[in-house]
Amino acid sequence: MHISEGILSTPVLTAGAALAMGGVALGLKRMDYEKIPEVAVLSSAFFVASLIHVPLGPTSVHLVLNGLVGVLLGWMAFPSILVALALQALLFQFGGFTVLGVNTFNMAAPAVASYYLFNLLVRRGNRAVTAVAAFLSGALGVGGGAFLIALSLVTTGEEFLSVARLVFLAHLPVMLIEGIITSFCVLFLKKVKPEILEVGM
Amino acid sequence: MHLEEFAEGSSLLHRLDPRVKFITLMPFILLVAVLKGIELPLAGLMVSLVLVSIARLPLKKLMNRLLVVNTFVLLLWFFIPFSYPGRQLLSIGPLSLSQEGLLYVLSITIKTNAIVLATIAVLGTSEIFYLTHALLHLRIPEKLVYLFFFFYRYISVLHEEYTRLRRAMAIRCFHPKSNMHTYRSYAYLVGMLLVRSYERSQRIYQAMLCRGFQGRFPLVRHFRMTGKDILFLAVMISITIAMAIIARW
């Protein structure tokens, strides 16, 4: 889920970088030194989890899990996603350094939205409420991300409209999968290790 | 998990001061990213190719990387030339191919490849831990650098945990299909990975406290700039400035 280098226009790149910097600054402020290992090792886990390919009909999709990152980490989703994308840019050239800001914002903004909308419901709700809230957070993470990617493309130029539409539509089934997986995963965490759901506070 | 595929070697770029790498690469790729037209991006691509040849990168691995990067670009080739306003070259039914559109996608393709090649040649040739150390010198917030450090450090550890869990699933005859059972199993796999990483992070922090951690890492080894570093810095910055001036013109 990221845009490669050399595609977006300068205003979009600048706006993305500025927004991402703001988010990262807020995230770092909430991350005390004692939280660094927690956030970092959870980020490593998410990085490894994103290698999982889940079958979906005739194809497979890889997990994004930014909704879950958001529910767990809150504003710290910004630095967490930033380091993951920076490493991908460095090692695999997925995304890249010039689009790092845009890509971070596109993934982390829906994550933070998931936190504010669903973290409380997930922690306090009964089983059904938790399941639904977690499903929505997973779907919102990917759906919001895809929408922001489409938006970055369209604001670069009208000619990207058809590509942007395709990108967004391609993510609709992924929203469903992410929702389901996030839902089961949160139910599992709530049962096994409820403290994890409080890391972002 | 072997991640740093290009870091081994002894070329000039492998031995360059990591601080110099960031200072020279960032302006260059930012400039290439905002260039327009064909000629200047081509010049940028030439610079990148020179960097690649200096770094003596393994060609096969490099090609694999480029293949991955260019798949998204390929998608653009199918769409942009048909939706970009401009002089028509060819029309098939409702679709019309515009010359400007083709040139635009070509420009994007050149820029993408130029940036990727330069990044691999300059940053890919250093070990991540040296780059992390360099980031501290470049005034990147300390907490962010530490976060990156731990994050990278524990990826291979958690990847091992992950393969262990996968093996346990395989022993129990897990076959992924498109059904709820598969999704639930994967969700529990992710959940277990998170639980283990969380518990591990607690132990890591306790171990750090035992060793007297007070919010910063002592740095024992320091970078030293040599003549070659300064030469590389001067050449790359001049090229970038020259290209920027021509672009403004």
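Residue numbers (my numbering), protein chains in the order written: chain A, 4 to 204; chain B, 1135 to 1383.
No residue lacks a Cβ here, since even glycine has one placed at the ideal position from N, Cα and C.
Remember, predicted model here, so these are calculated numbers, not experimental data.
Close Cβ partners of residue i (< 8 Å) along its chain, the five nearest in sequence each way excluded
i        : result
R1221(B) : S1232, Q1233 and E1234
F1216(B) : L1229, S1230, L1231, S1232 and G1235
L103(A)  : A20, A23, L85, L88, A89 and A92
S155(A)  : I6, L11, V15, G19, V105 and N109
A167(A)  : I152, A153, L154, L156 and V157
L1353(B) : H1267 and L1270
R1350(B) : E1276
Residue i versus the options, residue with shortest Cα-Cα distance
i        : options                                   : result
L1236(B) : V1324(B), V1207(B), L1278(B) and V1202(B) : V1207(B)
A28(A)   : C1307(B), Q1336(B), R1337(B) and V1279(B) : V1279(B)
M1303(B) : T1360(B), V1369(B), S1319(B) and Y1238(B) : S1319(B)
E1333(B) : L45(A), A167(A), A23(A) and A18(A)        : L45(A)
C188(A)  : H1315(B), A1376(B) and M1326(B)           : M1326(B)
A43(A)   : P58(A), V86(A), G25(A) and A23(A)         : V86(A)
P1152(B) : S1182(B), Y1264(B), F1162(B) and I1380(B) : Y1264(B)
L151(A)  : G203(A), M79(A) and T107(A)               : T107(A)
A1268(B) : R1301(B), M1359(B) and W1211(B)           : M1359(B)
E1138(B) : L1224(B), L1257(B), L1353(B) and R1355(B) : L1257(B)
L1240(B) : A1255(B), E1173(B), H1293(B) and L1323(B) : E1173(B)
S1331(B) : R33(A), F50(A) and G9(A)                  : F50(A)
I1157(B) : I1380(B), F1366(B), I1379(B) and C1344(B) : F1366(B)
A112(A)  : V125(A), D35(A), V145(A) and N129(A)      : V145(A)
S1368(B) : K1277(B), V1154(B), L1210(B) and S1187(B) : Per the sequence shown, residue 1368(B) should be read as Ala rather than Ser. The shortest C-alpha separation from A1368(B) is found at V1154(B).
S63(A)   : A173(A), G77(A) and P40(A)                : A173(A)
Residue i: contacting residues in chain B (beta-carbon distance under 8 Å)
i       : result
T158(A) : Result: empty, since nearest Cβ-Cβ is about 15 Å, beyond 8 Å.
L154(A) : Chain B residues near L154(A): none, gap ~17 Å exceeds 8 Å.
Q91(A)  : Within chain B, no residue comes near Q91(A); the closest Cβ sits about 10 Å away, beyond 8 Å.
Other residues of its chain near residue i: CB distance less than 6 Å, five sequence neighbours each side excluded
i        : result
K1245(B) : V1166 and P1175
Close beta carbons around residue i, own chain, < 7 Å, minus the five adjacent residues each side
i       : result
G141(A) : G70, L71, E181, G182, I184, T185 and S186
Residue range of the unbroken alpha helix (DSSP H) whose run includes residue i
i        : result
S63(A)   : That residue, S63(A), is in no alpha helix (DSSP H); its beta strand (DSSP E) goes T62 to H65.
E1333(B) : M1314 to C1344
K32(A)   : T13 to R33
A1141(B) : Unbroken run through A1141(B): none, as it is neither H nor E.
P82(A)   : A80 to L94
T1374(B) : G1361 to R1382
I210(A)  : Given that chain A is displayed from residue 4 to residue 204, the structure contains no residue 210(A) and the question cannot be resolved.
P1161(B) : P1152 to V1168
Enclosing beta strand (DSSP E) for residue i [first to last residue]
i      : result
F56(A) : Before going further, note that residue 56(A) is His rather than Phe in the sequence given. That run of the beta strand (DSSP E) goes H56 to L59.
Amino acids of chain B, ordered along the chain, whose beta-carbon sits closer than 7 Å to that of residue i
i      : result
G60(A) : S1312
A48(A) : L1292, L1327, L1328 and S1331
V51(A) : I1289, L1292, H1293, Y1296 and L1327
Chain A residues whose Cβ lies nearer than 7 Å to that of residue i
i        : result
K1155(B) : Under the 7 Å cutoff, chain A gives no residues; its nearest Cβ is about 11 Å from K1155(B).
L1257(B) : L93
A1304(B) : Under the 7 Å cutoff, chain A gives no residues; its nearest Cβ is about 14 Å from A1304(B).
P1275(B) : L31
Under 9 Å by beta carbon: chain A residues contacting residue i
i        : result
R1298(B) : Going along chain A, no residue has its Cβ under 9 Å from R1298(B), so there is no contact; the nearest lies around 12 Å.
Neighbour list for residue i in chain A, Cβ cutoff strictly below 8 Å
i        : result
G1349(B) : Y36
T1253(B) : A92, L93, Q96, G99 and F100
Listed by chain order, chain B residues near residue i by CB distance under 9 Å
i      : result
I84(A) : The premise fails here: I84(A) is roughly 11 Å from chain B at the closest Cβ pair, so nothing lies under 9 Å.
- prompt: What are the complete beta strand (DSSP E) segments, minimum 3 residues, inside the segment 1226-1306 of chain B?
  reply: 1229-1232
- prompt: Unbroken alpha helix (DSSP H) runs of length 4 or more, entirely within the segment 102-180 of chain A: which are they?
  reply: If we require 4 residues or more, the alpha helix (DSSP H) runs fully inside the segment 102-180 of chain A come out as 103-127, 130-159 and 164-173.
task: Quick one: which unbroken alpha helix (DSSP H) runs of 4-plus residues sit fully inside the segment 1173-1203 of chain B? Chain order, please.
output: List check, alpha helix (DSSP H) in window: 1173-1189.
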